[in-house]
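Chemist:
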Amino acid sequence: MPENKLMSLDQVNNFKVSEDRVLFSATHEEILNGATTDIYFVKTHEILKNMGKDDIEVVAEVFARKSGVFCGLPEAMSLLKDSDVEIWALPEGETFERKEVLMRIKGSYGEFGLFETPLLGILASSSGWATAAREIKEVSGDKMSLVFGARHVHPAIAPVMERSALVGGVDGASCILGAKLGGKEPKGTVPHAIFLIVGDTVEVAKAYDDLMPEGEPRLVLVDTFKDEAEESLRVAEALGKRLNGIRLDTPSERGGVTPALVREIRARLDLAGFEHVQIFASGGLTPDRIKDLKEAGVESFGVGSYISGARAIDMTMDLKEIGGKSIAKRGRIPGITPTDRLVKLK
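Each residue of the sequence shown is one higher than the one before, starting from 3 at the first, in the working numbering.
1) Mind checking whether GLU297 and PRO261 have CB atoms under 8 Å apart?
2) Write down the C-beta distance between VAL61 and ILE338 rounded to the nearest angstrom, noting that I regard them as a contact closer than 8 Å.
3) For THR97, I'd like the list of residues in its chain whose CB is within less than 6 Å of its CB, leaving aside the five on either flank, ordered along the chain.
4) For SER128, which option in ILE138, GLY285 and GLY95 has the closest C-alpha, if you only look at C-alpha atoms?
5) Less than 8 Å between the beta carbons of LEU245 and LEU263, yes or no?
6) What's the gap between the Cα of VAL44 and the Cα of ILE324?
7) Could you tell me which residues DSSP pairs with GLU63 in its beta bridges?
8) With a CB to CB cut of under 7 Å and the five nearest residues on each side skipped, what residues in its chain are close to SER254?
9) As a quick exercise: from ASP294, LEU273 and GLU113, pick the residue whose alpha carbon is nearest that of GLU58.
10) Can you list, in chain order, the residues of its chain with a C-beta nearer than 8 Å to that of SER307? Leave out the 5 residues immediately preceding and following it.
11) By alpha-carbon positions, which one of GLY299, THR133, ALA91 and LEU344 ends up nearest to SER310?
12) Among SER166, GLY170 and ARG268, which has the Cα closest to the Cα of SER142?
13) With burial defined as no fewer than 16 other Cβ atoms inside 10 Å of the residue's Cβ, what is the status of PHE65: buried or exposed?
14) In the DSSP assignment, what are the bridge partners of ALA175?
15) When DSSP builds the beta bridges, which residues end up paired with TRP90?
16) If you compare alpha carbons, which of TRP90, GLU164, ALA312 and LYS7 is closest to LEU148?
17) Which ranges does the beta strand (DSSP E) cover as unbroken runs of at least 3 residues, wholly within the segment 233-259, from first to last along the chain?
18) If I'm right that ALA135 touches VAL172 with Cβ under 8 Å, what's the distance once you round it to whole angstroms?
19) Grab me the residues of HIS47's own chain with a C-beta within less than 7 Å of its C-beta, minus the 5 sequence neighbours each way, in chain order.
20) For SER302, count neighbouring Cβ atoms within 10 angstroms of its own Cβ and tell me buried if that reaches 16, exposed if not.
21) Contact between the segment 204-213 and the segment 236-243 is defined here as three or more beta-carbon pairs at a separation below 8 Å; is this criterion met?
22) Please state whether DSSP places LYS51 in a helix, a strand or coil.
23) Please classify SER69 as buried or exposed, where buried requires at least 16 other C-beta atoms within 10 Å of its C-beta.
24) Which same chain residues, not among the five before or five after PRO215, have their C-beta less than 8 Å away from its C-beta?
25) Could you say which of LYS101, ARG313 and ALA314 lies nearest to ILE335 if we only look at CA atoms?
26) Can you tell me whether LEU122 is helix, strand or coil according to DSSP?
27) What does the alpha-carbon distance come out to for the pair LEU121 and ALA78?
28) How about GLY304: is its C-beta nearer than 8 Å to some C-beta of chain C?
29) Nearest-angstrom Cα distance between TRP90 and LEU75?
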């Protein structure tokens, strides 16, 4: 256990938030030291210690309230790395069913009980994001899907969210740290802002082509000023074979990206000899919309709020053994839950 861990009410009362704190998000040290735990776990620890029962060996199991994709395991293990416990868990990225055991922890309650709040929070949020990403990838199939959700969440958790999406199966991420944490390089082109500043889509497309290194896809946003089909042809004529694709992000105020729009653009590009130019779509995409757009001819998808706004999957930790004896609260079955899917990690 870290020496400065918040393990008593006195320590909690003496814990002060600096008046010149810049950001409200918890630091790594604050999470590891217990500053993000629920106060009732501190009270529980203090009472058990006073009764001489904090060292009693227990077995705890973590399960989810609904099915999904398991994610967040590396952070969970880091949270417990200094605790003298044994840990079994489902491999990260595996799907699970409702109430299936995802993690089992064996050791004295005083070694890990204070971590229940952050442990469940890590697994609940990460698994929720990974599950939404898996839904996207299952629909997009062999077409590329990227997560563009960092702008929809607090920056402190944006990298966690985008890494979780990569675990869930999407092909890339736009958030720099999120992509790097997932072993990828960040992907993305440029926003509408640059087109508005420069004043012409083709001029920006040429500048992008001149400046970006070889190997960087030439993908150009075409819905800022003109009809998307007209702008697509203008950009294709300007860049020729060097243009990899055009991106559609038509706002909801103008009907969004529709299958009919995609079919028209695909047909006009093909008729003009630009069969090699792919169509990338983004903007409020859901699995149903992706299915329709994929059938219409979209080759790649950028998904933001469907993944970033996914609900956390509620996780629960139950004690199933105390001092070697099977136990459980009412409504649950006492004793270790039979499963052959967990792998011993610690």
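Backbone N, C-alpha and C fix where the C-beta goes; we use that ideal spot for every residue, glycine too.
Small disclaimer: the values here were computed from a predicted structure and weren't measured.
Modeler: The short version:
1) Closer than 8 Å, so yes.
2) Sure, about 6 Å apart at Cβ, within 8 Å.
3) Same-chain partners within the cutoff: VAL71.
4) For SER128, the nearest C-alpha among the options comes from GLY95.
5) Contact flag unset, no.
6) Rounded to whole angstroms, VAL44 and ILE324 show a C-alpha spacing of 20 Å.
7) Beta bridge pairing from DSSP links GLU63 with ARG106 and ASP320.
8) Closer than 7 Å at Cβ, skipping near neighbours: GLY286.
9) Looking at the sequence shown, residue 58 is not Glu but Ile. It is GLU113 whose Cα lies nearest to the Cα of ILE58.
10) When the five nearest sequence neighbours on each side are left out, the beta carbons in the same chain lying within less than 8 Å of the beta carbon of SER307 are those of GLY151, HIS154 and GLY286, in order along the chain.
11) The residue with the shortest Cα to Cα distance from SER310 is THR133.
12) If we check each option's Cα against that of SER142, GLY170 comes out closest.
13) Result: buried.
14) DSSP, once it has assigned bridges, lists VAL149 as partnering ALA175.
15) Secondary-structure assignment with DSSP links TRP90 through a beta bridge to ARG106 and LYS346.
16) Among TRP90, GLU164, ALA312 and LYS7, the Cα nearest to that of LEU148 belongs to GLU164.
17) You should have 247-250.
18) Contact annotation, ALA135 with VAL172: C-beta distance approximately 5 Å; criterion of less than 8 Å satisfied.
19) MET9, ASP56, GLY112, GLY115 and LEU116, listed in sequence order.
20) SER302 comes out buried.
21) Yes: at least three Cβ pairs fall under 8 Å.
22) Of the three classes helix, strand and coil, the one that applies to LYS51 here is helix, per DSSP.
23) Residue environment: SER69 is assigned as exposed (fewer than 16 neighbouring CB atoms within 10 Å of its CB, all protein chains considered).
24) Hits under 8 Å: none found.
25) The candidate whose alpha carbon is nearest that of ILE335 is LYS101.
26) Annotated three-state conformation of LEU122 is helix, per DSSP.
27) Between LEU121 and ALA78, the C-alpha separation is close to 6 Å.
28) Looking at the structure shown, chain C is missing, and only one protein chain is on hand.
29) Straight-line Cα distance between these residues: approximately 11 Å.
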